[in-house]
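Participant: The structure that follows is given in the form of structure tokens.
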Amino acid sequence: MLVTALFVTYQASREYFGFMTSKQMSKGMPPPPRVVSVATTVMCMGMTVFSHFYRGKIGTLLAVASFALLVLQVVANKRPKFAQLASSLFGLFYCGWLPSFWLKLRNLALPAPDTPAAAFLTGITGWPTTVGLVAVLTAVAVIIAADTGAYFVGKSLGRTKLTDISPKKTVEGAAGGLAAAVATALGSWALFGWPGSPLAAVVLGVMVFFSSLFGDLIESIMKRDAGMKDSGDLIPGHGGLLDRFDSYIFSGAVTYFFSVFVLPFLNALHGPGGLSAAMTAGLAPLGA
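For any residue, its number in our numbering is found by taking its place in the sequence shown, counting from 1, and adding 12.
Spelled out as structure tokens, the structure:
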């Protein structure tokens, strides 16, 4: 998984700075110096490595990398613009820190509930069926289901435009995507006993749906400002990596947040302590 994550981080950074250096975007904002874009890419890949080996504990690394990028901007550019500083820091956040949450999520080592589906998964992969593995598979399945549901419902029933950011998206398509996302999360609960209850599955489906939707919209904003139809040409006929995986950028962090904060809250809410126990459970990871 580390090798795949490194490739995704590298390619995402490459395409992101392709947006920044495009002719249309450069009219309103000089792109960061090349040394800054290269340094940002290296730092993003470093975050991926550290997230894998240090179980995702990279908050301090993000702060130090941000400071180093600002210093490099000032040194490499005699009169840096604030927009240049902001675009570099957003690149570090968007291409490095956010994708690293998929590794943090995968590294959640608590054993998943012992179900026939979990035993089957262990049998075909040879991996222990942990909460991290089930959470990653569930999130990916929910995103795919949301995209598929939105496409087919939008194509057949779509009439009401959802937003000017992406004219092809419709309210009806979004509703279809949301329904498919929730149904898939409920399917994960039925198969793996995770995320613990039908209510938790519905909450997860809703959260991942909106994170994937807005991940798509944010990339659309960047493409529009750059005057580009696709983020790249990595996949013939389908554009760049960000065109295919924009829905995943925020979803790893959202699923991790759900697993570590929201799920304990929901589980405790139905326990003997009620709301008081739920608040304690939801805030407990902050003290870890």
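Even for Gly, the Cβ is constructed at its ideal location relative to N, Cα and C.
1) In angstroms with no decimal places, state the Cα-to-Cα distance between F257 and W114.
2) Can you give the Cα-Cα distance for G161 and S25, rounded to whole angstroms?
3) Please classify I155: does DSSP put it in a helix, a strand, or coil?
4) I'd like the span of the alpha helix (DSSP H) that includes H64, first residue to last.
5) Determine the contact status of S243 and K235, defining contact as a CB-CB distance below 8 Å.
6) Just the C-alpha distance for P140 and T127, rounded to the nearest angstrom, thanks.
7) Does DSSP put K167 in a helix, a strand or coil?
8) Three or more beta-carbon pairs under 8 Å between the segment 203-210 and the segment 176-185, yes or no?
9) Provide the residue(s) that pair with I247 in DSSP beta bridges, ordered along the chain.
10) Taking buried to mean at least 16 other C-beta atoms within 10 Å of its own C-beta, is R118 buried or exposed?
11) What does DSSP give as the partner residue(s) for P123 in the beta ladder?
12) Mind checking which residues open and close the alpha helix (DSSP H) that includes N279?
13) So what's T172 in DSSP terms, helix, strand or just coil?
14) Between which two residues does the alpha helix (DSSP H) harbouring T21 extend?
15) With a threshold of 8 Å on Cβ separation, who are the neighbours of I70 within its own chain once the five nearest residues in sequence on each side are excluded?
16) Select from S271, A153, R91 the residue whose C-alpha is nearest the C-alpha of A121.
17) Return the residue from the list G199, T196, F204, Y163 that minimises the CA-CA distance to G188.
18) Does G138 pass the burial test, meaning 16 or more other C-beta atoms within 10 Å, or should it be called exposed?
19) Would you report the Cα separation of A293 and V266, rounded to the nearest angstrom?
20) Shortest alpha-carbon distance to A129 belongs to which of G199, A88, I156?
21) I'd like to check one pair, V146 with A131: are the Cβ atoms closer than 8 Å?
22) Does the distance from the CB of P43 to the CB of M32 come in under 8 Å?
23) Could you check the C-alpha separation between L202 and A151 for me, to the nearest Å?
Facilitator: With the structure as the only source:
1) On the sequence shown, residue 257 is found 245 positions in, with the first residue counted as 1. On the sequence shown, residue 114 is found 102 positions in, with the first residue counted as 1. Approximately 13 Å between the Cα atoms of the pair.
2) Translated into the one-based positions of the sequence shown, residue 161 becomes position 149. Translated into the one-based positions of the sequence shown, residue 25 becomes position 13. Distance between G161 and S25, taken at the CA atoms: about 29 Å.
3) Locating residue 155 in the sequence shown gives position 143, counting from the first residue. In the structure shown, I155 sits in a helix (DSSP, three-state: H, G or I).
4) Within the sequence shown, residue 64 is the residue found at index 52, counting from 1. Boundaries of the alpha helix (DSSP H) around H64: 46-65.
5) For this step, residue 243 is matched to residue 231 along the sequence shown. For this step, residue 235 is matched to residue 223 along the sequence shown. S243 is a Cβ neighbour of K235, given a cutoff of 8 Å.
6) Within the sequence shown, numbered from 1, the residue matching residue 140 stands at position 128. Within the sequence shown, numbered from 1, the residue matching residue 127 stands at position 115. Cα-Cα distance, rounded: 13 Å.
7) Numbered from its first residue, the sequence shown carries residue 167 at position 155. Three-state DSSP puts K167 in a helix.
8) Of all C-beta pairs linking the segment 203-210 to the segment 176-185, fewer than three are shorter than 8 Å, placing the two stretches out of contact.
9) Within the sequence shown, numbered from 1, the residue matching residue 247 stands at position 235. Residue pairing by DSSP places I247 opposite G251 in a beta bridge.
10) Working through the sequence shown from its first residue, we reach residue 118 at position 106. Per the 10 Å Cβ criterion, buried.
11) Counted from its first residue, the sequence shown places residue 123 at position 111. P123 has T142 as its beta-bridge partners, per DSSP.
12) Taking the first residue of the sequence shown as position 1, residue 279 is located at position 267. Annotation for N279: the continuous alpha helix (DSSP H) segment containing it runs 275-281.
13) Start at 1 with the first residue of the sequence shown, and residue 172 comes out as number 160. Look at T172 here: in three-state DSSP terms it is coil, with no helix or strand label.
14) The count along the sequence shown starts at 1 and reaches residue 21 at position 9. Per DSSP, T21 belongs to the alpha helix (DSSP H) from 14-32.
15) Position 58 of the sequence shown, counting from 1, holds the residue named residue 70. In its chain, beyond the 5 residues on either side, M59, F62, S63, W109, S112 have a beta carbon closer than 8 Å to the beta carbon of I70.
16) By one-based count along the sequence shown, residue 121 stands at place 109. When only C-alpha atoms are compared, the closest one is S271.
17) Within the sequence shown, numbered from 1, the residue matching residue 188 stands at position 176. Ranked by Cα distance from G188, the options G199, T196, F204, Y163 are led by Y163.
18) Working through the sequence shown from its first residue, we reach residue 138 at position 126. Exposure of G138 is indicated by the presence of fewer than 16 other C-beta atoms within 10 angstroms of its C-beta.
19) Against the sequence shown, residue 293 aligns to sequence position 281. Against the sequence shown, residue 266 aligns to sequence position 254. Its pLDDT being 47, under 50, A293 is placed unreliably by the model, and the measurement read from it follows with that caveat. The alpha-carbon of A293 is positioned some 18 Å away from that of V266.
20) Translated into the one-based positions of the sequence shown, residue 129 becomes position 117. Nearest neighbour of A129 by Cα position, chosen from G199, A88, I156, turns out to be G199.
21) Indexing the sequence shown from 1 puts residue 131 at position 119. Indexing the sequence shown from 1 puts residue 146 at position 134. With a cutoff of 8 Å on beta-carbon distance, A131 and V146 are scored as not near each other.
22) Position 31 of the sequence shown holds residue 43. Position 20 of the sequence shown holds residue 32. In this structure, M32 lies closer than 8 Å to P43 by Cβ.
23) For the purposes of this step, residue 202 is taken as residue 190 along the sequence shown, with counting starting at 1. For the purposes of this step, residue 151 is taken as residue 139 along the sequence shown, with counting starting at 1. The question names Leu, but residue 202 is Ala in the sequence shown. Here the C-alpha atom of A202 lies approximately 15 Å from the C-alpha atom of A151.
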